[in-house]
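What follows is one structure encoded as structure tokens, with my remarks underneath.
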Amino acid sequence: GENVEQHPSTLSVQEGDSAVIKCTYSDSASNYFPWYKQELGKRPQLIIDIRSNVGEKKDQRIAVTLNKTAKHFSLHITETQPEDSAVYFCAASRGSNDYKLSFGAGTTVTVRA
Amino acid sequence: DTAVSQTPKYLVTQMGNDKSIKCEQNLGHDTMYWYKQDSKKFLKIMFSYNNKELIINETVPNRFSPKSPDKAHLNLHINSLELGDSAVYFCASSQVRGDEQFFGPGTRLTVL
């Protein structure tokens, strides 16, 4: 089955700096790669996703890049703000050929004011 | 409100008891899931249902029994609760299997 590894497990950044979280996956058939944000005591919520037919996607201050050859994808947050503090999860699946998302272990991001 | 809802939000109980958590989605999705999130925050898939049928059982002890009376509901019954069952349990649903999942607010289970 799919194995998703996520690094780092914790990340502390100064407000205004950038944060980068990296994930690798094992199943070359995976084609859907979402990122979820979970604030303290809340539910995980999708913030951005990318499919294997594109290499990069951007939404305001967040962006995701995908390298299918190397089987890794990354989340980039620019101009970090205190409200970006949360746990971020990457995930991978085969899309409609799969009945689950395989999640990474999560990265706790702390933005220092 | 269109959403995934769970009840109860908190559940505190003694070891050995039996408890249930209910989940409902009004998004019209065909696929529903149960996840367990332990103190280390890892999201572990437990079950996946598609149109009321069990698709995935990720080696969960048979003390855990999911039930889907219709595709909008997926309940979780836990027998003989153990200390290690303490966690936050999330229900989720997706319109397309393997695609974006919408999570419920979670149920924090504490076994004493």
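In the order they appear, the protein sequences are chains A and B. Residue numbering for the first sequence follows this note's numbering, starting at 946 and increasing by one per position. Residue numbering for the second sequence follows this note's numbering, starting at 1439 and increasing by one per position. Even for Gly, the Cβ is constructed at its ideal location relative to N, Cα and C.
Tell me the DSSP bridge mates of residue i?
i          : result
A:Ile-1022 : A:Ala-964 and A:Ile-1007
A:Thr-994  : Looking at the sequence itself, residue 994 of chain A is Asp, so the reference to Thr does not match. Looking at the DSSP assignment, A:Asp-994 forms a beta bridge with A:Pro-979.
B:Asp-1508 : B:His-1511
B:Thr-1497 : Note: B:Thr-1497 sits in no beta bridge, so no partner.
B:Thr-1451 : B:Val-1549
A:Asn-1012 : A:His-1017
B:Leu-1519 : For B:Leu-1519, which the question treats as bridged, DSSP gives no partner whatsoever.
B:Leu-1492 : B:Tyr-1487
B:Val-1526 : B:Gln-1475 and B:Arg-1546
A:Gln-959  : A:Arg-1057
A:Lys-1002 : A:Val-1009
Within the continuous beta strand (DSSP E) that includes residue i, where are the two ends?
i          : result
B:Glu-1462 : 1457-1463
B:Gln-1444 : 1442-1445
B:Leu-1547 : 1545-1549
A:Glu-950  : 949-952
A:Ala-1036 : 1031-1037
B:Ser-1486 : 1481-1488
A:Arg-988  : Where A:Arg-988 is concerned, there is no enclosing beta strand (DSSP E), given that its DSSP letter is neither H nor E.
B:Lys-1478 : No beta strand (DSSP E) contains B:Lys-1478, which DSSP labels as neither H nor E.
So which of the options has the shortest CA-CA distance to residue i?
i          : options                                           : result
A:Leu-1032 : A:Gln-1026, A:Gln-959, A:His-952 and A:Lys-982    : For clarity, residue 1032 of chain A is Val in the given sequence; the question names Leu instead. Nearest option by C-alpha distance: A:Lys-982.
B:Val-1450 : B:Val-1442, B:Ser-1443 and B:Ile-1459             : B:Ile-1459
A:Val-999  : A:Thr-1014, A:Gln-1005 and A:Leu-985              : A:Thr-1014
B:Cys-1436 : B:Leu-1550, B:Val-1549, B:Leu-1547 and B:Pro-1543 : Because residue 1436 of chain B is not part of the residues shown, which for chain B are 1439 to 1550, the question remains open.
A:Asp-994  : A:Pro-979, A:Gly-986 and A:Thr-1023               : A:Pro-979
B:Asn-1500 : B:Asp-1476, B:His-1515 and B:Arg-1535             : B:His-1515
A:Arg-988  : B:Leu-1550, B:Val-1549, B:Phe-1541 and B:Lys-1478 : B:Phe-1541
A:Lys-1045 : B:Lys-1447, B:Ile-1493 and B:Val-1526             : B:Ile-1493
A:Ala-964  : A:Arg-1006, A:Ser-1047, A:Asp-1029 and A:His-1021 : A:His-1021
B:Thr-1469 : B:Arg-1546, B:Asn-1489, B:Ser-1524 and B:Gln-1475 : B:Asn-1489
B:Lys-1447 : B:Ser-1506, B:Phe-1480 and B:Ala-1525             : B:Ala-1525
A:Gln-951  : A:Val-1056, A:Gly-1049, A:Arg-1057 and A:Ala-1058 : A:Gly-1049
B:Tyr-1471 : B:Glu-1538, B:Leu-1550, B:Ser-1531 and B:Leu-1521 : B:Ser-1531
A:Ser-1047 : A:Asp-962, A:Ala-974 and A:Val-958                : A:Ala-974
A:Ala-1058 : A:Leu-991, A:Asp-1029 and A:Phe-1034              : A:Asp-1029
B:Ser-1506 : B:Ser-1443, B:Tyr-1473, B:Thr-1445 and B:Tyr-1487 : B:Tyr-1487
A:Ala-972  : A:His-1017, A:Leu-991 and A:Pro-1027              : According to the sequence provided, residue 972 of chain A is Asp. The question's Ala does not apply to it. Among A:His-1017, A:Leu-991 and A:Pro-1027, the Cα nearest to that of A:Asp-972 belongs to A:His-1017.
My assumption, with CB atoms under 8 Å, is that residue i sits in contact with residue j. Please give the rounded CB distance.
i          : j          : result
B:Phe-1528 : B:Pro-1504 : Going by Cβ atoms, the distance from B:Phe-1528 to B:Pro-1504 rounds to 13 Å, so no, they are not a contact pair.
B:Asn-1517 : B:Asp-1456 : 5 Å
B:Gly-1536 : A:Ser-1038 : 4 Å
A:Leu-956  : A:Val-1054 : 5 Å
A:Gly-1040 : A:Asn-976  : 5 Å
B:Gly-1454 : B:Leu-1519 : 6 Å
B:Lys-1482 : A:Gly-1051 : Not a contact, Cβ separation roughly 12 Å.
A:Thr-1025 : A:Glu-960  : 6 Å
B:Leu-1550 : B:Gln-1452 : 6 Å
Is there contact here, the stretch 1503-1522 of chain B with the stretch 1463-1476 of chain B, by at least three beta-carbon pairs under 8 Å?
yes
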